[in-house]
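Written below as structure tokens is the structure these notes are about.
Residue numbers (UniProt numbering): 1 to 396.
Below is the structure:
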């Protein structure tokens, strides 16, 4: 989406992708460079192990592109590197880091498993990354050996990126995300918050107070709390629709007669269920740095019940379009569901509040691109000023 929005604003764009160029279909007017790589889980084990730590091919490809095409007006915007590009991608960017912006969608730039989470029990992790306690903890989703591989990759990231010396700007989805990075020792100097772009499922307010369905949208897994949603709905004797796929899909289908697991749906399919829903339940056990569905629902007029481990839980309560709960207390969620099932006034009030206020917590696609373009101009201006100073010093 970033490339398309920048191009619509009249900015020339080159899209550098670790995967194939074919995956960038629809990017009209954009130069696409696809390396033909594969996500780590789709690669051969030894190749994934090596390239995940240091993808020399991606590093060299970007280095060559910079050598051939870089200009004083070129800005570099890095998104995800963890699947294909690897920490090596930071090395060629060091030469142009005064014109580089890195968007942190997750925690991989500071945490080995990318989520500050113990995936074995789906609980948040408060350990200092790469401390002895961190290295000894078996937090990986797959195995202990994989955790050690992640630790080695994190060390390589620190060597390749040199965050403490970097002139790059790092953007984050939420102010609490910035604080978590800093608490974990992230040493880069220029940290900004640019909220994600969000579009509502419905442009008309969903009259949630007239509905009775509970809705869950996301991965049907323990980390996202799909089982919590199903358990609470069953205890409250309420119907629930779960949109998504995951390892708990079959278990929920078989053990919860009040639940329908629908698989993934497009936006129209989500709206078909949301228009019949009373509340959206977001019971994540793990940290949610933004939680797109929270605002997609609230902006549509659908009240949200949000885990207190989601950063937006504070805003949901403050702006009056939701309530928060501890995902470790299924009884608390059940109580909220039972109360709201018979309280049309509160549901209607939260619905109206979300429809009127939630959009202020996010960007539209256009305003999101605009914030980045303004940041790019700022980076270019500082780079020009630095270049002039260096020229003056050389003349002196």
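Glycine residues also receive a C-beta, built at the ideal position from the N, C-alpha and C atoms.
Bear in mind that the values here come from a model prediction, so they are computed numbers and not experimental data.
Identify, in the order they occur along the chain, each residue of the same chain with its Cβ nearer than 6 Å to the Cβ of residue i, setting aside the five sequence neighbours on each side.
i, result
"residue 29", "7"
"residue 171", "103, 192, 194"
"residue 157", "87"
"residue 57", "none"
"residue 230", "252, 256, 259"
"residue 118", "125, 139"
"residue 168", "97, 100, 102"
"residue 78", "102"
"residue 90", "160, 161"
"residue 240", "214, 233, 259"
"residue 5", "365, 369"
"residue 358", "295, 298, 299, 321"
Given a cut-off of 9 Å on the beta-carbon distance, is the pair residue i and residue j in contact?
i, j, result
"residue 193", "residue 217", "no"
"residue 188", "residue 160", "no"
"residue 234", "residue 256", "yes"
"residue 173", "residue 155", "no"
"residue 19", "residue 66", "no"
"residue 109", "residue 181", "yes"
"residue 403", "residue 75", "Because residue 403 is not part of the residues shown, which for the chain are 1 to 396, the question remains open."
"residue 185", "residue 221", "no"
"residue 302", "residue 272", "no"
"residue 373", "residue 9", "yes"
"residue 92", "residue 380", "no"
"residue 31", "residue 11", "no"
"residue 376", "residue 205", "no"
CB-CB under 7 Å to residue i, same chain, minus the five flanking residues each way: which ones, in chain order?
i, result
"residue 120", "138, 139"
"residue 149", "49"
"residue 270", "201, 217, 243"
"residue 304", "279, 280, 282, 294, 297, 298, 316, 321, 322"
"residue 310", "282, 284, 288, 291, 294"
"residue 209", "344, 347, 348, 351"
"residue 228", "283, 327, 330, 333"
"residue 176", "311"
"residue 122", "222, 223, 285, 286"
"residue 80", "105"
"residue 144", "138"
Helix, strand or coil for residue i? Go by DSSP, reduced to three states.
i, result
"residue 181", "helix"
"residue 11", "coil"
"residue 220", "coil"
"residue 244", "strand"
"residue 39", "coil"
"residue 321", "coil"
"residue 197", "strand"
"residue 363", "strand"
"residue 277", "strand"
"residue 173", "coil"
"residue 144", "helix"
"residue 372", "helix"
"residue 344", "helix"
"residue 186", "coil"
"residue 192", "strand"
"residue 149", "helix"
"residue 47", "helix"
"residue 351", "helix"
"residue 160", "helix"
"residue 381", "helix"
"residue 206", "coil"
"residue 249", "helix"
"residue 266", "coil"
"residue 52", "helix"
"residue 388", "helix"
"residue 335", "helix"
Pull up the DSSP beta-bridge partners for residue i, would you.
i, result
"residue 310", "288"
"residue 259", "240"
"residue 330", "Residue 330 is not bridged to any residue."
"residue 33", "16"
"residue 271", "None; residue 271 has no bridge partner."
"residue 214", "240, 279"
Excluding the 5 residues preceding and the 5 following residue i in the sequence, name in chain order all residues of the same chain whose CB lies nearer than 8 Å to its CB.
i, result
"residue 341", "212, 236, 238, 278"
"residue 332", "325, 326"
"residue 1", "197, 365"
"residue 69", "14"
"residue 38", "19, 84"
Any beta-carbon of chain B closer than 9 Å to the one on residue i?
i, result
"residue 8", "Here chain B cannot be found, since the structure has a single protein chain."
Please confirm whether any heavy atom of the ligand GTP lies closer than 8 Å to the CB of residue i.
i, result
"residue 17", "Judged by which ligands are present, the structure shown has none, so any question about the ligand GTP falls away."
>> Extract the residue ranges of the alpha helix (DSSP H) inside the segment 284 to 308, only unbroken runs of 4 or more that lie entirely within it.
In response: 292 to 298
> What are the uninterrupted segments assigned as beta strand (DSSP E) that are 3 or more residues long and contained completely in the segment 90 to 139, given in chain order?
Replying inline: 100 to 103
> For the segment 54 to 95, which segments carrying the beta strand (DSSP E) assignment without a break, of at least 3 residues, lie completely within its bounds, in sequence order?
Replying inline: 76 to 78
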